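First up is the structure itself, then whatever we jot down about it.
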Amino acid sequence: MLAMNYRGPQRVRIDHKPMPEIQHPQDAIVRVTRSCICGSDLHLYNGSVPDTRVGMTFGHEITGVVEQLGSEVQNLKVGDHVLVPFNIACGKCVFCQQGLFGNCHESNPQATAVGGIFGYSHTAGGYDGGQAEYVRVPYADVGPTVIPANMDPDDAVMLTDVVPTGYQAAEMGGIQPGDTVVVFGAGPVGIMAARCAWLFGAGRVIIIDQLDYRLEFARNYCPCEAYNFKEMDDPVLFMKKTTDWLGADVCIDAVGAEANGSVMQNILGRGLKMVGGATPALHWAINSVKKGGIVSIVGVYGPIEALVPIGNVLNKGLTIRANQASVKRLLPRLIEHVQNGTLDPKALITHRIPLEYVSDGYRIFSAKLDGCIKPVLLPPSATS
Amino acid sequence: MDKPTYHPAQIKGWGVDADPKNDPTYPMKQRNDGEHEGYSWERPRQQTSDIEILQSNERPNLTAVFGTSTPPAGLSGMLRRFAFKYSESSYGHWLPLVLADRVGVVEGIVDDLRRGHIPNIPEELGWKAEWKHNRKQLVTRVLIGAVFTYAALAYLRGGKDD
Ligand SMILES: NC(=O)c1ccc[n+]([C@@H]2O[C@H](COP(=O)([O-])OP(=O)(O)OC[C@H]3O[C@@H](n4cnc5c(N)ncnc54)[C@H](O)[C@@H]3O)[C@@H](O)[C@H]2O)c1
Ligand SMILES: [Zn+2]
Ligand SMILES: [Zn+2]
Numbered sequence: 017m018l019a020m021n022y023r024g025p026q027r028v029r030i031d032h033k034p035m036p037e038i039q040h041p042q043d044a045i046v047r048v049t050r051s052c053i054c055g056s057d058l059h060l061y062n063g064s065v066p067d068t069r070v071g072m073t074f075g076h077e078i079t080g081v082v083e084q085l086g087s088e089v090q091n092l093k094v095g096d097h098v099l100v101p102f103n104i105a106c107g108k109c110v111f112c113q114q115g116l117f118g119n120c121h122e123s124n125p126q127a128t129a130v131g132g133i134f135g136y137s138h139t140a141g142g143y144d145g146g147q148a149e150y151v152r153v154p155y156a157d158v159g160p161t162v163i164p165a166n167m168d169p170d171d172a173v174m175l176t177d178v179v180p181t182g183y184q185a186a187e188m189g190g191i192q193p194g195d196t197v198v199v200f201g202a203g204p205v206g207i208m209a210a211r212c213a214w215l216f217g218a219g220r221v222i223i224i225d226q227l228d229y230r231l232e233f234a235r236n237y238c239p240c241e242a243y244n245f246k247e248m249d250d251p252v253l254f255m256k257k258t259t260d261w262l263g264a265d266v267c268i269d270a271v272g273a274e275a276n277g278s279v280m281q282n283i284l285g286r287g288l289k290m291v292g293g294a295t296p297a298l299h300w301a302i303n304s305v306k307k308g309g310i311v312s313i314v315g316v317y318g319p320i321e322a323l324v325p326i327g328n329v330l331n332k333g334l335t336i337r338a339n340q341a342s343v344k345r346l347l348p349r350l351i352e353h354v355q356n357g358t359l360d361p362k363a364l365i366t367h368r369i370p371l372e373y374v375s376d377g378y379r380i381f382s383a384k385l386d387g388c389i390k391p392v393l394l395p396p397s398a399t400s
Numbered sequence: 049m050d051k052p053t054y055h056p057a058q059i060k061g062w063g064v065d066a067d068p069k070n071d072p073t074y075p076m077k078q079r080n081d082g083e084h085e086g087y088s089w090e091r092p093r094q095q096t097s098d099i100e101i102l103q104s105n106e107r108p109n110l111t112a113v114f115g116t117s118t119p120p121a122g123l124s125g126m127l128r129r130f131a132f133k134y135s136e137s138s139y140g141h142w143l144p145l146v147l148a149d150r151v152g153v154v155e156g157i158v159d160d161l162r163r164g165h166i167p168n169i170p171e172e173l174g175w176k177a178e179w180k181h182n183r184k185q186l187v188t189r190v191l192i193g194a195v196f197t198y199a200a201l202a203y204l205r206g207g208k209d210d
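If you're matching them up, the sequences are chains A and B in order.
Here the first sequence is numbered in this note's numbering, starting from 17 and rising by one per residue.
Here the second sequence is numbered in this note's numbering, starting from 49 and rising by one per residue.
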């Protein structure tokens with residue numbers, strides 16, 4: 017089968033690989049119909065996640081048709097068209113039992129700090145991902161969800177990660193009616209977080225990025241105020257001035273380890289990779305929020321310590337909430353939001369790229385070329 | 049590690065200020081405090097495999113399922129095995145992994161060549177897309193690279209003459 021193959025930082029290609037096989041009685045083999053490239057993949061693509069092995073296939077935002085089932089799977093049948101949450105979760109462990117499906121304890125032997133994730137290095141379990149024609153899906157009774165008959169597959173694939181992540185970013189913000197919410201990052205995740213902030217009753221939503229085309233999109237889509245930090249002398253000062261000098265009620269980091277905005281952090285975090293990523297966005301979030309405010313982090317950082325002004329967290333009395341999104345926990349509510357038109361996630365998809373052109377897809381999304389917001393890869397069998 | 053012999057409830061004032069509302073994990077976590085029972089849940093059936101899986105030393109066993117992509121091999125594999133002697137809390141774990149990833153890239157090229165495949169690096173880098181959507185920057189980058197390479201070569205050659 018065709019599958020994406022990682023060869024080293026910023027080098028990926030399409031290759032032929034053996035078909036995945038059932039390896040556990042709760043496995044399914046799924047024929048991929050859509051698989052997106054995510055901002056999280058860019059951390060792998062840039063070689064920032066330790067234990068990313070050459071030869072691996074990435075891809076954790078997947079829809080597909082069930083081709084084969086292990087002997088213990090009960091809730092699916094061959095031929096079902098499913099959306100597959102990016103977290104691999106057993107449903108039985110004490111964390112899954114409490115809705116923490118992004119923190120499963122039975123899906124990643126290589127690290128206890130993160131649950132299993134499809135195609136996301138060995139630090140997240142060593143699973144080959146869905147940027148391929150077929151993918152092995154463990155715990156098939158837990159994660160995969162049959163796509164409702166009337167749902168557009170483009171909406172379905174956005175429900176595997178972007179929508180729940182953006183929604184959980186807003187949810188973790190503990191937004192109260194009238195709150196001013198600042199979202200750092202106008203990628204798919206940040207845009208969705210800004211959109212969802214309204215669902216929790218925000219009074220004012222501001223999004224910050226460096227790319228005018230994304231800011232323009234967010235301004236119309238969310239809708240919200242949108243500002244370019246490259247045009248500010250000091251983003252924190254800007255935020256203080258625009259919030260009557262008190263700071264925002266809630267700040268959301270939807271950027272993560274690839275953040276731009278600090279020369280020193282670029283060298284340490286993105287160049288030398290000696291810290292768990294560049295942190296200007298998180299730094300600004302902590303310093304722009306009000307005293308007693310809440311910082312919600314969905315931007316992904318590496319496992320090594322990253323530089324943040326922790327003294328200000330203490331002195332300002334901040335609450336910090338962060339996690340990988342718990343897709344399964346949020347799906348029922350979010351499917352409702354999509355079905356009744358409250359959320360329109362497919363509008364974020366700007367690029368539909370044949371899987372064979374995966375290297376171009378990564379380059380376009382990584383370098384933010386051609387007005388790209390969200391790219392989706394289509395295997396040959398999905399387009400024919 | 050000796051567990052204390054007293055029960056917390058015997059301690060004067062135990063629990064008098066407990067406040068169930070003081071739970072910042074809501075609604076992310078539907079708290080049932082199952083962790084208090086320890087690692088005692090009924091586990092899914094254990095996946096078996098004959099490929100080498102490295103295991104965090106912060107857990108007693110392999111997880112019930114695991115991925116079987118790209119098992120450790122070669123020099124990078126040796127570095128990875130070494131890394132897993134240390135916990136996730138240690139630089140001894142992460143730095144060898146970062147190094148192994150870089151070594152793995154070289155091994156990947158050697159492996160390609162051994163199979164008679166010359167990797168098309170510009171294509172892997174997605175330069176076709178850059179050429180289409182970002183030509184000016186691509187050309188500048190290639191030119192700067194060429195100038196640096198030329199300058200470095202000239203410098204090295206000059207050094208030899210002295
Ligand atoms: N927690 C989760 O479950 C989860 C799930 C999906 C993605 N993520 C993470 O969310 C982050 C965003 O993902 P995405 O797909 O939207 O990526 P993306 O690369 O499309 O978007 C990131 C945006 O941040 C902007 N940016 C860079 N530096 C900035 C700064 N200092 N301040 C403000 N904006 C800045 C970039 O210009 C870009 O538009 C990534 O770190 C990704 O790993 C987390
Ligand atoms: Zn993702
Ligand atoms: Zn679990």
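Where a beta carbon is used, it is the ideal one built from N, C-alpha and C, also for glycine.
A quick note: this is a predicted structure, and the numbers were derived from the prediction, not measured.
Quick one, which of the options has its alpha-carbon nearest residue i's?
i	options	result
G272 (chain A)	A:V305, A:T73, A:E83, A:H299	A:H299
F216 (chain A)	A:D195, A:R286, A:P251	A:D195
E136 (chain B)	B:G206, B:L102, B:I166	B:L102
V28 (chain A)	A:P41, A:M35, A:G75, A:A218	A:G75
Q226 (chain A)	A:C238, A:E247, A:M208, A:Q42	A:E247
Q95 (chain B)	B:T116, B:A177, B:W89	B:T116
Y378 (chain A)	A:N91, A:G159, A:G55	A:G55
L394 (chain A)	A:S375, A:D386, A:I369	A:I369
N328 (chain A)	A:Q340, A:A301, A:R345	A:A301
L347 (chain A)	A:T161, A:V94, A:N303, A:P396	A:T161
F200 (chain A)	A:T176, A:G95, A:V70, A:R230	A:R230
I191 (chain A)	A:D177, A:G219, A:T181, A:V110	A:G219
F233 (chain A)	A:K307, A:L253, A:K390	A:K390
E321 (chain A)	A:F254, A:I104, A:E88, A:G293	A:G293
A264 (chain A)	A:G277, A:L330, A:G308, A:A363	A:G308
I'd like to confirm something about residue i: is its beta-carbon nearer than 7 Å to some heavy atom of ligand 4, or not?
i	result
N182 (chain B)	This structure does not include ligand 4; its bound ligands are ligand 1, ligand 2 and ligand 3.
What residue does the alpha helix (DSSP H) around residue i start on, and which one ends it?
i	result
M290 (chain A)	Careful: M290 (chain A) lies outside any alpha helix (DSSP H) and carries neither H nor E.
V205 (chain A)	204 to 215
A301 (chain A)	296 to 304
T181 (chain A)	178 to 188
K108 (chain A)	Careful: K108 (chain A) lies outside any alpha helix (DSSP H) and carries neither H nor E.
Y237 (chain A)	228 to 237
Y378 (chain A)	374 to 382
G122 (chain B)	122 to 131
G24 (chain A)	Not the alpha helix (DSSP H): G24 (chain A) falls in the beta strand (DSSP E), residues 18 to 24.
Consider the Cβ of residue i: report whether some Cβ of chain B lies at a distance smaller than 8 Å.
i	result
Q340 (chain A)	no
G159 (chain A)	no
A383 (chain A)	yes
V70 (chain A)	yes
P34 (chain A)	no
N124 (chain A)	yes
D57 (chain A)	no
I380 (chain A)	yes
Do we get a CB-CB distance below 8 Å when we pair residue i with the residues of chain A?
i	result
F114 (chain B)	yes
D210 (chain B)	Only weak support is given to the placement of D210 (chain B): the predicted model assigns it a pLDDT of 49, under 50, and the question is left unresolved by the model.
L123 (chain B)	no
R162 (chain B)	no
N70 (chain B)	no
L127 (chain B)	no
A177 (chain B)	yes
V190 (chain B)	no
W89 (chain B)	yes
Q58 (chain B)	no
If you follow the beta strand (DSSP E) that residue i is part of, which residue opens it and which one closes it?
i	result
Q84 (chain A)	78 to 85
F200 (chain A)	196 to 200
L99 (chain A)	97 to 100
Between the beta-carbon of residue i and the beta-carbon of residue j, is there less than 8 Å?
i	j	result
V151 (chain B)	S124 (chain B)	yes
V173 (chain A)	T79 (chain A)	yes
G107 (chain A)	Q78 (chain B)	no
T49 (chain A)	V94 (chain A)	no
C120 (chain A)	G131 (chain A)	yes
T68 (chain A)	L60 (chain A)	yes
S312 (chain A)	V266 (chain A)	yes
D386 (chain A)	H181 (chain B)	yes
Residues of the region 30 to 54 of chain A with a CB closer than 7 Å to any CB of chain D: list them in chain order, please.
Of the chains in the structure shown, none is chain D; the protein chains are A and B.
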